[in-house]
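Colleague: Here our numbering is used: the first residue of the sequence shown is 263, the next is one more, and so on.
Have a look at this one.
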Amino acid sequence: MSSHRFDTPPFVTTDHMGFRVVIRAQLDAKNEILLPKTFALHQNYPNPFNPVTTLRYDLPEKSLVNITIYDLLGRQVTTLINQTQDAGYKSVIWDATNDYGKPVSAGIYLYQIHTGQYISTKKMVLLK
């Protein structure tokens, strides 16, 4: 089995900080793309982190994906992804900023994926 990686360049717009989506494709012996069998949200890495971390997730089918970061009080910090994505092994990088592009405080944060019927939440630690 071989693996290929496609990176999109980071970007900055006038009202949001940019992020990078990494799409990983795994190929079988016949060079056919293997797709995940189930939805999954993996532990971020590195964890603890400073200043950026990667969130990986698996989509077995095309889905509307929402990935949101929350503080421990349940307040929304930022939404990283809110769009329809094709099936595959995915990841997104969070640069520890909020929806306004401002750096967030050190502490524990929750990240949640919501794709139709699948919802999963994990914890991560930002050190400063």
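Glycine residues also receive a C-beta, built at the ideal position from the N, C-alpha and C atoms.
Predicted, not measured: the structure shown is a model, and the values here were computed from it.
1. Here's the rule I'm using: 16 or more other beta-carbon atoms within 10 Å means buried, otherwise exposed. How should residue 306 be labelled?
2. Where does the unbroken beta strand (DSSP E) through residue 376 begin, and where does it stop?
3. Among 327, 382 and 357, which one has its Cα closest to the Cα of residue 316?
4. Answer with buried or exposed for residue 350, where buried requires no fewer than 16 other C-beta atoms within 10 angstroms of its C-beta.
5. From the DSSP output, in three-state form, read off residue 330 for me.
Modeller: For this structure:
1. Indexing the sequence shown from 1 puts residue 306 at position 44. Classification of residue 306: buried, given that the 10 Å Cβ count is 16 or more.
2. The sequence position of residue 376 within the sequence shown is 114, counting from 1. Note, residue 376: beta strand (DSSP E), 369 to 377.
3. Residue 316 sits at position 54 when you count from the first residue of the sequence shown. The option with the nearest alpha carbon to residue 316 is 357.
4. Here residue 350 refers to the residue found at position 88 of the sequence shown. Classification of residue 350: buried, given that the 10 Å Cβ count is 16 or more.
5. For the purposes of this step, residue 330 is taken as the residue at position 68 of the sequence shown. DSSP places residue 330 in strand when its eight states are reduced to three.
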